[in-house]
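If you read the sequence shown in my numbering, its first letter stands for residue 496, the second for the next number, and so on. Read the structure below first, then the notes.
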Amino acid sequence: MALEETMICAGFGARKGVSREAVLAALDAALTKHDIARDSLDALATVPQKGNEPGLTDAAKVLGLPLSIADENALQAAAAHCLTRSDHALSATGLPSASEAAALAVCGPAARLLGSRLTLDGVTCAIATTGRQS
C-alpha cells in the first residue's frame, strides 16, 4: 500500500508594489490561523499576472521555496472551488479569488482550501493542501 504524500501550498494575490515583508506577514498570519509551521510549506503560488511581482519573488527566495505560477487551465478549474468572491479579483484576473485559485491550482485536482483567504496590507493569502481532512 503506497502512502499518499501531502502537499501544502500558500497562494497569493497582491497589490502592485507590495513589499516582501508584507507578503511574509500575510503568510505568517495565514499559517498561524491554520496552525501550520513555515517549514511545512511545499510551495508558494500565484497567478500569471503576479509572477514577476518583486515582493512575491523575494519572499519565495527568503523562504527557499519555489514561486509556482499557476497554469491558466488549472486556475479556471480551481475557480469553482474558491470560498471567496472578490469583485476586484474578478476584474483583474477573471477569478473569484486569485490567492485561493492559485493555491488550489498548484496543489492539483485533489486539493482543498483550509479556509477562506486572509487579507493583510495589500496581500491576500490562502492555504491549500492535498491532505485529508481530519
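Here a beta-carbon is modelled for each residue, glycine too, at the ideal position from N, C-alpha and C.
Burial state of residue i (16 or more Cβ within 10 Å)
{"i": "LEU609", "result": "buried"}
{"i": "LYS556", "result": "exposed"}
{"i": "SER586", "result": "exposed"}
{"i": "VAL542", "result": "buried"}
{"i": "THR545", "result": "For clarity, residue 545 is Lys in the given sequence; the question names Thr instead. LYS545 is buried by the Cβ-count criterion."}
{"i": "GLU567", "result": "exposed"}
Presumed contact (8 Å Cβ cut-off) between residue i and residue j, rounded CB distance
{"i": "LEU560", "j": "LEU536", "result": "6 Å"}
{"i": "ARG612", "j": "ALA621", "result": "4 Å"}
{"i": "ASP616", "j": "ALA505", "result": "Not a contact, Cβ separation roughly 16 Å."}
Short Cβ contact (8 Å threshold) for residue i with residue j
{"i": "ALA575", "j": "LEU590", "result": "no"}
{"i": "ALA605", "j": "ALA540", "result": "no"}
{"i": "MET502", "j": "THR624", "result": "yes"}
{"i": "GLY581", "j": "PHE507", "result": "Gly is not the amino acid found at residue 581; the sequence shown has Ser there. No."}
{"i": "VAL601", "j": "ALA538", "result": "yes"}
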